Structures are given as structure tokens and as C-alpha cells.
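Sequences listed follow chains P and G, in order.
The first sequence begins at 1 in our numbering and counts up one residue at a time.
The second sequence begins at 1 in our numbering and counts up one residue at a time.
Note that the Cβ used here is the ideal one computed from N, Cα and C, for glycine as well.
Every value quoted in this text rests on a predicted model; they were computed, and no experiment measured them.
What follows is a set of notes on a single structure, which appears directly below.
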Amino acid sequence: MNSQKLLNVNAVSLTLWDKIVLRDISLSVAKGQVVTLIGPNGAGKTLLVRVILGLIRPQQGRVVLQPGIRIGYMPQRLSIEDTLPLTVHRFITLGTPAGRKQVQDALEETGAARVMEQPIQSVSGGEFQRVLLARALLRNPDLLVLDEPVQAVDVNGQYELYDLISRIRDRRGCGVLMVSHDLHLVMNTTDLVVCLNHHVCCSGHPDSVSQHPAYLELLGNEGARRLAVYQHNHNHRHDLHGDVVGVPDPDSHG
Amino acid sequence: MDDFLLRALLGGIGVALVAGPLGSFIVWRRMAYFGDTLAHASLLGVGLGILLGLNEGLAVIGVCLSLALLLVALERQRRLASDTLLGILAHTSLSLGIVALAFLETVRVDLVGYLFGDILAVTAQDLYWIWGGGLLVLVTLAGLWRSLLAMTVHEELARVEGVPVLLVRLIFMLLIAVVVAVAMKVVGILLITSLLIIPAAAARRFARTPEMMAGLASVLGCGAVAIGLWVSLRWDTPAGPSIVVAAAALFVLGAAMPIRQFR
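This is the structure we're talking about:
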């Protein structure tokens, strides 16, 4: 495998409760590269992230991280009990002990320095995502893993956040693996898109994926209306559970 | 002051000091019912301890810890919800404990004392147990503090950031088991959870940091012990329940106090 890669996922398969949730998934992230996982709800995106982070062990395949790599992780859905008195500053240093100046710098980098001394429960959705990102940056990561980084953020804020992630990549040269549900929002800021529905449906440059039949069938209803022409020549279908049906060799496409 | 009263006060304060920080974590982690289940199970520990001739405190810790591990294993099955499992384990173990004690024909056991505490009967040996165990719990908790706090906020994030989550959770359960064993004498099996939770809940409004909440909970707990004991002497009420009522009164007083509320 390519030694320049920060992360290599090799033919990972995962079965949970007798259901194949990830099938033969391979992907990689290089230094300075932004890779976006995209797919419908329940497609296994977060499960794949958890496998990559070593939180779940896959039955088959391997996740290879470059030795000595530091990962900054931004989880999906994080709610903090109102009973826990915690300022933003304190929240950020729970992951990595750090001085005031470092915390301030990380928050300034993500544009949330204003809320540093506020109770964490009182910050808005967009600010909270920036605080989470600052906590990940404080680790000085080689690879950022971001699970739905723009959730609970309004549309303008979503563009701004993706832009910020792109700028952080430019400045720090780290690799980024992120999960998103909307390809059109990340088009301009991602280098590679992997379209996931339990298996890799298709992957490639965002422009090519956005016109790929597998993508269009899976997620393209919205996007298809905006595209002038698209050829509907997909080679497989998905049933209600997202499993591929009616195709002789599920790995022949994409 | 009478000797027995001094011992009661020292015992109660020892327990309240530990209960503050540990109880805060139980509130933050929503583990009130879990703590209650371990407390119920401690009667089984008492019964087994007497039957097998083991040290009572160690038997209680052993039973509480086994129950905690059993619960973790059962939760992995995902057949029944956690609160259902806790309910089953809590009352089964309490009943098993009472049944076990009934088999002891030669030893008469003060069941009411175990259920509601017998703080006025605290001996010098109990005091060593309370303060020794309490100190051990506090030191361990201080060492785990940041890891445990990070896990409480988000377990997987903490794991990615290098916290040995499973180990820390096991030690935390052990600490709860020790405190249950230690507090049993003071407020009794049925009221232990209240001493863990009420002072912490009362402290929340006035705290701006986790440490402040934990410390304030300890102070309020000590206050509740002192007031409860005084009430108990003055009006000849049962001591354990009086302490809990005092804690509840402090909680209500705190909730009614007109201050700017920190969220």
C-alpha cells in the first residue's frame, strides 16, 4: 500500500446483528486531501467512521493508519447534560490539557473565541460545531475525522463551515475525512467523494460523482432536478434496506 | 459531647465528604438508578458475608461489583432496556438478601438497621473503615477526574483521545461499590442513593465548574448530616431518615434562593 497515505481502509466488511452493514469497503486519505463520505441515512457512514477510529473491529479487512499519526475527531450528535457545569474552555481541554493561550488560538482558528468562557450548553448549533472543531485542532492532528460537521447549522453557516475546514486543510496540510449528506454543499471543498450505501456505490472527483448513475439513483433526486441532463443507466437497484438487488456481481460497478 | 454522638458525626461527615464528588458523577452520568441497585444488592452481601464468615464490608463490595459486571454483560444482549434490568437486579438481590438472612437461625440480624442505617451505633472500627475507604475513593477519583469527566461528556470522543474507557468505567463502579459499603451503616441501604444525589443536585445551581459542584455537594452533605443528627436527638426521630430529610430541605432552600442561575 501507498506509504504516503495517512489512512488506508482495505476491504473492510462489518456485520452487526446478522446484517451486513459494511461490505468490502476500501478507501484512503492522503496528506492534504479532503475525502467526503456521502450517502443516505442508515448507509453505514458513521459505522465506517467508527471502524476507522478503532471503536469497532470489522470482521474482515483492515484499517491501516500511518504509524504515530494523531487523529482529531469530531463526533456526530453530542449533547451535554445541563447538570454538568462546564465552560467552553474547560470542555476543550478535556481532550488535551492545554494552556489558555493554546485554547484561545484554537478557538480563534475556528472563529469561536467569543464563546470561550460561556457555559457549553448555552452556545448555538453553529458555534458548538466550531468549538468541537477547535477541540480536535488542539491535538494538532495529522488527520481530521469529522462526522457530519455541519449538522444543526443553517445553510449559510454550512457553506462557511466547509470553507473553514478547507482553509484549515490548506494551512495545516492535514488530511480530512468527513461525512456529509449533501454533495452539492461540499462540491467545491472536497477532493474526493466516496458514495456509500453499505458498499461503495461510486467514488471519484465530486464533479464526476455528481453525475454518476449510482449516485443519482441513491441521492440524486434533489440534485437531478438541478442538472440539465442526466442519463439514467444505473446497473443495480437498492431495496428498502439499502441492499443491492438484481445485479449479478455487486462489485462490478462504481 | 457524648462519645457515640461524636462517632456518629464523624462517620456521617466521612460519608458525606466522599458522597459529594461521587454523587456529582452519578448525577452527570444519569446513574441514580444504578447506584440504587448496587445499594439494594448490598444486603445480599451482608447475608453472604455472615453465612460464609467473611468481612461484611468486603462481602458487600464483592457482591456490588459482581452485580455491576453482570449488568454490563446483560446490557450487551440488548434484549431488555437498562432500567428494566436494573429493576430486576435491584429487587431480586434485595429479596435474596432478606431470604439469606432469614436462614441465619443462630444470628439475630437488625434488618431495620441495615435498611435505614444505624448511625448512632457507629463504632471506632466503623470509623476507620469509613475514613480509610473514603480516603481511598477520593484519591482514586482525583486521579481519574479528567478521564472520567471526558467520558461523561462523550465516551467515544474520549476513547479516540486516548482514555482507557473500559478500565475507567470498571474502577468507577468499584468506587460506587466501596461507597455503598461504607455508607450502609450511616443512612442504610434504602437511603444511600439520596445522600449521593440530593447534595449534588442542590449544589448544581451554585456551581460554575465541575469541581465547585463536587466540593459544594460535600459541604451540603456534611450540613445535612449535622442538621439531621441534631433533629434526631432533639425530637427523637430516626437518624438516617432525618439526615435525608435535612438534605432535601437544603435542596428546596437552595432551589428557592433568588440568585442568577448558571446554566
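In the structure shown, the three-state DSSP call for Leu167(G) is helix. Chain-ordered, the chain G residues with CB closer than 7 Å to the CB of Tyr73(P) read Leu157 and Val160. Contact fails between the segment 13 to 29 of chain G and the segment 229 to 237 of chain G, because fewer than three Cβ pairs, one in each stretch, are under 8 Å apart. Per DSSP, the continuous beta strand (DSSP E) segment holding Leu7(P) begins and ends at Lys5 to Leu16. At a cut-off of 7 Å between beta-carbon atoms, Ile80(P) makes contact with chain G. Chain G has a Cβ within less than 7 Å of the Cβ of Thr83(P). Here the alpha carbon of Leu135(G) sits roughly 8 Å from the alpha carbon of Val18(G).
Not one beta carbon of chain G lies nearer than 7 Å to the beta carbon of Gly42(P). Under the Cβ distance rule, Leu53(P) counts among the residues neighbouring chain G, one pair being separated by less than 7 Å. The C-beta of Leu94(P) comes closer than 7 Å to at least one C-beta of chain G. Rounded to the nearest whole angstrom, the C-alpha separation of His91(G) and Ile192(G) is 15 Å. Cβ contact annotation for Gln129(P) (same chain, cutoff 7 Å, sequence separation greater than five): Pro149, Val150, Val153 and Leu161, in chain order.
Shown here, Pro238(G) sits in coil according to DSSP, grouped into three states, outside any helix or strand. Contacts with chain P at 7 Å (Cβ-Cβ) include Ala207(G). Identification of chain G residues near Leu86(P) by a Cβ-Cβ cut-off of 7 Å yields Pro210, ordered along the chain. In this structure, Gly228(G) and Ile130(G) do not form a Cβ contact; the two beta carbons are roughly 16 Å apart against a cut-off of 8 Å. Distance from the CA atom of Arg79(G) to the CA atom of Thr15(P), rounded to whole angstroms, is 18 Å. Within the segment 170 to 209 of chain P, the runs of beta strand (DSSP E) at least 3 residues long that lie entirely inside it are, in chain order, 175 to 180, 192 to 197 and 199 to 204. Secondary structure note for Leu146(P): it is in no alpha helix (DSSP H), and the uninterrupted beta strand (DSSP E) holding it is Leu143 to Asp147.
Counting every other CB atom within 10 Å of its CB across the protein chains shown gives Met257(G) a total below 16, marking it as exposed.
Closest by C-alpha distance to Leu196(G), out of Pro210(G), Val139(G), Ala183(G) and Ala100(G), is Ala183(G). Inclusion of Leu101(G) and Gly47(G) in the CB contact set at 7 Å is warranted, their separation being smaller than that value. For the segment 109 to 132 of chain P, the residues whose beta carbon sits under 8 Å from a beta carbon of chain G are, in order, Pro119, Gln121 and Ser122. Among the bridge pairs identified by DSSP, Arg62(P) is matched with Asn10(P).
Our two residues, Cys202(P) and His212(P), have alpha carbons roughly 7 Å apart in a direct line. When DSSP states are grouped into helix, strand and coil, Ser28(P) belongs to the strand group. Against chain G, the beta carbon of Arg90(P) has neighbours under 9 Å at Leu149, Thr209 and Pro210, listed in chain order.
The three-state secondary structure of Leu55(P), taken from DSSP, is coil.
Pro67(P) carries a coil assignment under DSSP once its states are collapsed to helix, strand and coil.
Under the three-state reduction of DSSP, Val123(P) is assigned to coil, being neither helix nor strand. For Arg204(G), the closest Cβ of chain P is nearer than 7 Å. Against His154(G), the close residues of chain P are Pro75 and Leu78, in the order they occur along the chain (beta-carbon pairs closer than 7 Å). Annotation: the continuous alpha helix (DSSP H) that includes Ile13(G) extends over Asp3 to Trp28. At least one beta carbon of chain P lies nearer than 7 Å to the beta carbon of Met213(G). DSSP, read as helix, strand or coil, puts Val225(G) in helix. Counting the other CB atoms within 10 Å of its CB gives Asp163(P) a total below 16, which places it among the exposed residues.
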